[in-house]
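K.L.:
The structure's right below; bear with me while I get my questions together.
Written as structure tokens, this is what we have:
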């Protein structure tokens, strides 16, 4: 397996990083999160103008047609800059979901060009996430839920006139809502065994998107912590000169660098459609979640009481990390998937076999 | 530990049941000012109800108006208080930190002036230790105090001051000898908070609430007689007060942890987390460590009681804060994992609400009252005698 990225992939990541550094500074995000809708049309339009909203949209529909590996670098950047995750759900996960449903041709024609140019937003309801991220601004909601007989169905619900009950999250940047318990039969797009396959693929792709964001968030928490301990003085010197403080942040970088290769390998597996992709994605989400929790725990520790305040940016990154870690399958779910795969009868084990 | 206090236990339970009702129903199970709906005015009336019931200062000597109850009975009180849903105490800084320090270092006049207000729940205290540049490095205090006629005049800033906005008085560590360094030349002053020379600005926490504050002193005044201990020996007094922080006041906290543990197990059983083998192991481990914590707290307190003060702090006392704070921080993580995707959402279920609160609040446990790093230094240097 080759872990190097192409020059184009690296250039894309770097340009997105530069763009977000300039246009999505923490002060701006803080301001946006205090508004009632929690979103800025202006920022969204700028992101769309960079082509980020159209990365997965096929060229025929006005996008760039990139895949999972490209997206993984992008989600790291989106996490690093704490851009609300629904961008990933709309432009990556939902776009891929629409692309994989043969019956969704008309919906693709209607919505994908608008996703690409930033004028439409698609949200996803999934059994793993009963609360829908950014449902309040969704033009279209793809809802995967159990029908009368308990089997999963795929609904395509227009946002126009739809009742949504808002849920307040501890993360001010996250806007959640529940859809009505009953959806009209006319919104049903697909039934049958195929929906389960779609649901699994959607969960895998979304969990990978979350894992990328968690790695980015961990990196950001590490960076702000390294900056802080170089500036903050106690006992007459920067606290970063004390071993106890150094070791905390050395532990964080260790976690991050052990999450990255696992994340990249999972992205490759998903893009190639490898047989073990689901379990590799679970591993990636667990490793990324572990890195992010560690970065939050050590980050707040080295920030001292300042890290427990609203004013210091660290809290925005910590809260996003905590809530994302529980989204698209919590720790228990992904650990169980890993365990079942390793311990099942006939699981391939040993050199060049275990989890490969 | 073997004495039979069943009658005493029943007495407390009955009193709590009789009094924690009516207007106080709304603060049942509240952990403190950070809880939505914990009205400070109500909390103060509750303190006064406790005082009338004889439940404030139960361990204080009789000469100071206390009941001089033995340790075992104090333990029983804290257990029953929490079991009945008694809310977090607003008066504990005065009752468990300042009062013992007043008894040890205060003049007769100071004791007579301040102990009755604490005992009656009519005067509340804040702790003026930390400053922007004196956190872990507490001896780097910059706040200045000078005697002017028959008054102390104070200039400077304190921070992370819990409940200052709801308190009447603050005890302040200040530098009274210009040019003095570190632990020398400090004084502990008792200063009224409600005066023109004091400004209080709340600090917003990650939870969105504000329990602590910045306190600014700009020519603030207090009577020239209101230094606790001799001027110049403020460090000794300040450290003695922190020693009381390790004392009986930990019992209420301990009982609170046990309540949180019960809460977590209840939620885990209801939402299915308790069926997960990994979760079961973590819950069992957390419960076992909590039990060890309780045993250690009781052992330390029993030693203190037997020695009746004046003995050096034992090594098992030094480890207590480090162990409980890390236990609780990890418990908060466990709570978030038990709640799963619901962790970030508000909830009508009071048990889940409680866990969510513990999860966020416990992020600060390894930081306040001496960070992990300071605690480990203390263990290494004082308990093990390693070189500084």
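Protein chains in written order, with the working numbering: chain A, 878 to 1233; chain B, 14 to 401. Using N, Cα and C, we set each Cβ at its ideal position, and we do this for glycine too. If you're wondering where the values come from, they're calculated on a predicted model, not measured in any experiment.
On the DSSP letters alone, give me the boundaries of the alpha helix (DSSP H) that residue 168(B) sits inside.
P.N.:
It is not in any alpha helix (DSSP H) - residue 168(B) instead sits in the beta strand (DSSP E) that spans 164-175.
K.L.:
Count Cβ pairs between the segment 922-929 of chain A and the segment 994-1013 of chain A that sit closer than 8 Å; are there 3 or more?
P.N.:
yes
K.L.:
Output, in chain order, the set of chain B residues within a Cβ distance shorter than 9 Å of residue 1222(A).
P.N.:
Within 9 Å Cβ-Cβ: nothing; residue 1222(A) doesn't reach chain B, min ~19 Å.
K.L.:
At a Cβ threshold of 9 Å, is residue 276(B) touching chain A?
P.N.:
no
K.L.:
Under 7 Å between beta-carbons, which chain A residues line up against residue 376(B)? List them in chain order, please.
P.N.:
1177, 1185
K.L.:
Among residues of its own chain, excluding the 5 on either side of residue 232(B), which ones have a beta-carbon nearer than 7 Å to its beta-carbon?
P.N.:
166, 168, 210
K.L.:
Thinking C-alpha only, which one of 237(B), 100(B), 67(B) is nearest residue 52(B)?
P.N.:
100(B)
K.L.:
With DSSP as the reference, label residue 882(A) as helix, strand or coil.
P.N.:
coil
K.L.:
Closest Cβ-Cβ distance between residue 380(B) and chain A: below 9 Å?
P.N.:
yes
K.L.:
Work out the CA separation of residue 117(B) and residue 188(B) for me, nearest whole Å.
P.N.:
22 Å
K.L.:
Roughly how many whole angstroms lie between the Cα atoms of residue 879(A) and residue 1152(A)?
P.N.:
19 Å
K.L.:
Examine chain A for any beta-carbon lying closer than 9 Å to the beta-carbon of residue 14(B), and answer yes or no.
P.N.:
Because the pLDDT of residue 14(B) is 48, which lies under 50, any placement of that residue in the model is unreliable, and the number read from its coordinates should be weighed accordingly. At least 9 Å separates the CB of residue 14(B) from every CB of chain A.
K.L.:
What are the boundary residues of the alpha helix (DSSP H) that includes residue 1044(A)?
P.N.:
Where residue 1044(A) is concerned, there is no enclosing alpha helix (DSSP H), although the beta strand (DSSP E) it sits in stretches over 1042-1045.
K.L.:
Going along the chain, which unbroken runs of the alpha helix (DSSP H) with 4 or more residues stay wholly within the segment 246-291 of chain B?
P.N.:
247-258, 262-284
K.L.:
Looking at the unbroken alpha helix (DSSP H) that takes in residue 1203(A), where does it start and where does it end?
P.N.:
1191-1203
K.L.:
I'd like to check one pair, residue 132(B) with residue 73(B): are the Cβ atoms closer than 9 Å?
P.N.:
yes
K.L.:
Output needed for residue 237(B): all residues of its chain with C-beta closer than 7 Å, excluding positions within five of it in sequence on either side, in chain order.
P.N.:
A distance below 7 Å between beta-carbons, with the five flanking residues on each side excluded, links residue 237(B) to the following residues of its chain, in chain order: 160, 163, 164, 165.
K.L.:
Suppose contacts are defined by Cβ-Cβ distances below 9 Å. Is residue 91(B) in contact with residue 264(B) by that definition?
P.N.:
yes
K.L.:
Which value, in whole angstroms, describes the spacing of the CA atoms of residue 335(B) and residue 374(B)?
P.N.:
16 Å
K.L.:
Chain B beta carbons: is any one of them nearer than 9 Å to that of residue 1086(A)?
P.N.:
no
K.L.:
Quick check on the DSSP output: the alpha helix (DSSP H) that includes residue 40(B) runs from which residue to which?
P.N.:
Unbroken run through residue 40(B): none, as it is neither H nor E.
K.L.:
Using DSSP with H/G/I as helix, E/B as strand and the rest coil, what is residue 146(B)?
P.N.:
coil
K.L.:
Please report whether the beta-carbon of residue 167(B) lies at a distance below 9 Å from any beta-carbon of chain A.
P.N.:
Judged by the 9 Å Cβ criterion, residue 167(B) is not in contact with chain A.
K.L.:
What's the gap between the Cα of residue 213(B) and the Cα of residue 178(B)?
P.N.:
C-alpha separation (whole angstroms): 7 Å.
K.L.:
Judging by CA-CA distance, which residue of 270(B), 393(B), 242(B), 63(B) is the nearest neighbour of residue 302(B)?
P.N.:
270(B)
K.L.:
Any C-beta of chain B sitting closer than 9 Å to the C-beta of residue 903(A)?
P.N.:
no
K.L.:
Can you say whether residue 1069(A) is buried or exposed, counting buried as having 16 or more other CB atoms within 10 angstroms of its CB?
P.N.:
Around the beta-carbon of residue 1069(A), fewer than 16 other beta-carbon atoms lie within 10 Å, marking it exposed.
K.L.:
I'd like to know if residue 882(A) contacts chain B, where contact means its C-beta is closer than 9 Å to some C-beta of that chain.
P.N.:
Chain B, which has no Cβ nearer than 9 Å to the Cβ of residue 882(A), makes this no.
K.L.:
Kindly list the residues whose CB is nearer than 6 Å to the CB of residue 15(B), restricted to its own chain and excluding five residues on each side of it in sequence; keep chain order.
P.N.:
Annotation note: pLDDT 49 at residue 15(B) (below 50); position unreliable, coordinate value reported separately. Closer than 6 Å at Cβ, skipping near neighbours: no residue.
K.L.:
Helix, strand or coil: which one does DSSP assign to residue 393(B)?
P.N.:
Three-state DSSP puts residue 393(B) in a helix.
K.L.:
Can you tell me which of the three DSSP states residue 1187(A) falls into?
P.N.:
Coil, per DSSP.
K.L.:
Please list the partners that residue 1199(A) has in chain B, where partner means a Cβ-to-Cβ separation under 8 Å.
P.N.:
Simply 349, 356, 357.
K.L.:
Taking Cβ-Cβ distances shorter than 7 Å, what residues in chain A pair up with residue 279(B)?
P.N.:
In chain order: nothing, as chain A lies at least about 18 Å away.
K.L.:
Using the beta-carbon count (16 or more within 10 Å), is residue 280(B) buried or exposed?
P.N.:
buried
K.L.:
Give me the Cα-Cα distance between residue 89(B) and residue 176(B), rounded to the nearest whole angstrom.
P.N.:
27 Å
K.L.:
Determine the DSSP secondary structure at residue 227(B), reduced to helix, strand or coil.
P.N.:
strand
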